[in-house]
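Asker:
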Amino acid sequence: MQLVWLRNDLRLDDHPALHGAARARSGVLAVAVLTPEQWRAHDAAPARIAFWLATLRRLQDELATRNIGLRVLSARYFTDIPALLLQLARDSGARGLWFNREYPLDEARRDALVTATFRAAGIPVTACDGDCVLPPGSLATAAGTCFRVFTPFARTWRRELAATGWTPLPTPDQQPALPAGDAVPESLPGWPAAFRADLWPAGGAAARRRLAQFVAREHPDYADRRDFPAMDGTSGLSPYLACGALSARQCVAAVAAHAGTRDWLGDSWVGELIWRDFFRHLIAAFPDLSRWRPFRPEVEARIRWRDDAHRWQSWCRGETGFPMVDAGLRQLLATGWMHNRVRMIAASFLTKLLGIDWRLGARFFMRHLIDGDFASNLGGWQWCASVGADAAPYFRIFNPIIQGRRFDPEGDYLACWLPELAALPPARRHDPAAASAAGRPLPIIDYRAARAASLAGYQAGG
Ligand SMILES: Cc1cc2nc3c(=O)[nH]c(=O)nc-3n(C[C@H](O)[C@H](O)[C@H](O)COP(=O)(O)OP(=O)(O)OC[C@H]3O[C@@H](n4cnc5c(N)ncnc54)[C@H](O)[C@@H]3O)c2cc1C
């Protein structure tokens, strides 16, 4: 019997740990550990946890088709896990433990602790890589270090992928008998079971369907449509990727299969998956990022963040008086998701124009996002605040009104999330004065003055 520890890799296919453990056909027991206190300490959104539990329930049925059982254990914190897992291994007579690596610091330490505990007990542990297309450690600069700049990382990533050739792993082998399992709870005390199942039906089958549909229908126009939040121009796959119902390699494989002889490696959607890998390589190589330290402390040292409850609360509630920012926050609060372009506008607004610490914004996003992902969220926030690896230069400050007019020219996104504005002609919906006359709050800052203050702060130290 082999034990497979499931985390944010809730899928049957392209799962290196399941695949490896199942090869001996001597029986596989999967185990998931619920850690509500740790989730809270990590700012996990209730919607993300509810989606994760629903995905685990679907996966249990899929595992059963291969005679793989699922045990569900409960712990408070990561530090409680080694003893619990070892007990399960002893009770079930497991001869080995398998898992797919996770790269943020707390997760890496948890895995090291579990590995040490099992090895001390004489049970072998196999750590696999299933979270990235190309895992941390597999790509390096000529000097042998982790890339700090995206473009050479992406170039090397593409070259490596073209050279190595790969396909996602198949479904794990059928096992001799189904071990007894546990029911996956619908919800946990203090964690409401709500997520937008109408937008993201849980489970691997739904994820694969959406991937196939996206690649066939929307993907050809992705480069032209991805920045327009009123269009269905992006895949909407991030919640599935975040809990691992789908692997990044399955996404790349779907693009490759659909492209035929066309050059798919240069594809802009694949480029976004490379950003995902890039942030994972960074978080694995630079543990300080997991300690909420900026990649470029020398830039942050020049900034004095403001402690301004009114500005902060207005942003959190979507009441800044800047329609594009407010619509984004409303979308986040209503669905647990925000379009990438609007994430950039909202994050740039909070950090550069309101002068509020990116850490607060990053935590707020994590507490609400159904696709909350520590590495991508941290990378996105540090990029927007100009303190990250290969980040936007400090003088690039998004004007939320111009951004709105460019990327939501008909004001459809605004009318959807701020219905007060639907009666205004499209051209006027992005205008804060017209919006406040239509019932929206007055702008909480003067854009020009805030921009000048931000530039002065980033240049000179507050
Ligand atoms: C401030 C900020 C915070 C963010 N927080 C998160 C987060 O917590 N979780 C998260 O998954 N993404 C995050 N992103 C990245 C991006 O906004 C989302 O991945 C994207 O909006 C998800 O929508 P989609 O699946 O339709 O993306 P698509 O455009 O279809 O892209 C496909 C996949 O590529 C990955 N991806 C796309 N853009 C990025 C990016 N810029 N960085 C890293 N990976 C990317 C995602 O896994 C996404 O599902 C953040 C971006 C910013 C600017």
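Going by our numbering, the sequence shown opens with residue 4, and the numbers climb by one from there.
Glycine included, every Cβ here is placed at the ideal spot set by N, Cα and C.
(1) Residues in its own chain within less than 8 Å of P442 by CB, not counting five upstream and five downstream?
(2) Helix, strand or coil: how does DSSP classify G465 here?
(3) Is the beta carbon of M327 within less than 6 Å of some heavy atom of ligand 1?
(4) Would you kindly work out how many angstroms separate the C-alpha atoms of L240 and A456, rounded to a whole number?
(5) Measuring CB to CB, does L73 end up less than 7 Å from V36?
(6) Measure from the alpha carbon of A67 to the alpha carbon of each residue in L363, P179, G407 and Q253, then state which is nearest.
(7) Helix, strand or coil for A115, going by three-state DSSP, please let me know.
(8) Beta carbon of P137, beta carbon of W169: below 7 Å?
(9) Tell me which same chain residues have a C-beta within less than 7 Å of the C-beta of D376, skipping the five on either side of it?
(10) If you draw a straight line from the C-alpha of L268 to the C-alpha of E275, how long is it?
(11) Rounded to a whole number of angstroms, what is the C-alpha to C-alpha distance between A312 and I447?
(12) Considering only residues of the same chain and omitting the five flanking positions on each side of A92, which have a CB-CB separation below 8 Å?
(13) Cβ of A350 within 6 Å of any heavy atom in ligand 2?
(14) Quick one, are the C-beta atoms of L13 and G339 less than 7 Å apart?
(15) When you compare only the Cα positions, how much space is there between G465 and L21?
(16) Residues in its own chain within less than 6 Å of A392 by CB, not counting five upstream and five downstream?
(17) Tell me whether L353 sits in a helix, a strand or coil according to DSSP, three-state version.
(18) Report the start-end ranges of each alpha helix (DSSP H) in the stretch 327-353 that is 4 residues or longer and not cut off at the edges.
(19) Please work out which residues of its chain come closer than 6 Å, Cβ to Cβ, to S317, disregarding the five sequence neighbours upstream and downstream, and give them in chain order.
(20) On the three-state DSSP scale, how would you describe W160?
(21) Could you tell me whether the Cβ atoms of R309 and I359 are closer together than 7 Å?
(22) CB of G331 to nearest heavy atom of ligand 1: below 6 Å?
(23) Distance check for D134 and A330, CA to CA, integer angstroms please.
(24) If you drop the 5 nearest sequence neighbours on each side, which residues of the same chain put their C-beta closer than 7 Å to that of R113?
(25) Are the CB atoms of F282 and S351 within a distance shorter than 7 Å?
(26) If we count the other Cβ atoms within 10 Å of its Cβ and call it buried at 16 or more, is I405 buried or exposed?
(27) On a Cα-Cα basis, can you pick out the residue from R158, D17 and A440 that is closest to D270?
(28) Over the uninterrupted beta strand (DSSP E) stretch that includes V7, give me the two end residues.
Answerer: Quick look at the numbers:
(1) Before going on, a small fix: residue 442 reads as Gly here, not Pro. Taken in chain order, the residues that qualify are E423.
(2) For G465, the predicted structure reports a pLDDT of 41, less than 50, and the residue's modelled location is therefore unreliable. A value from the coordinates is still provided. DSSP places G465 in coil when its eight states are reduced to three.
(3) no
(4) 38 Å
(5) no
(6) P179
(7) helix
(8) Looking at the sequence shown, residue 137 is not Pro but Leu. No; because the gap between Cβ atoms is not below 7 Å, this pair is not in contact.
(9) A245
(10) 12 Å
(11) 12 Å
(12) L6, L100, F121, A124 and I126
(13) Judged by which ligands are present, ligand 2 is missing from the structure shown, whose ligands are ligand 1.
(14) no
(15) Its pLDDT being 41, under 50, G465 is placed unreliably in this model, and the coordinates cannot settle the point.
(16) R151, L285 and F298
(17) helix
(18) 343-351
(19) T323 and I447
(20) helix
(21) yes
(22) no
(23) 32 Å
(24) F81 and I84
(25) no
(26) exposed
(27) R158
(28) Q5 to L9
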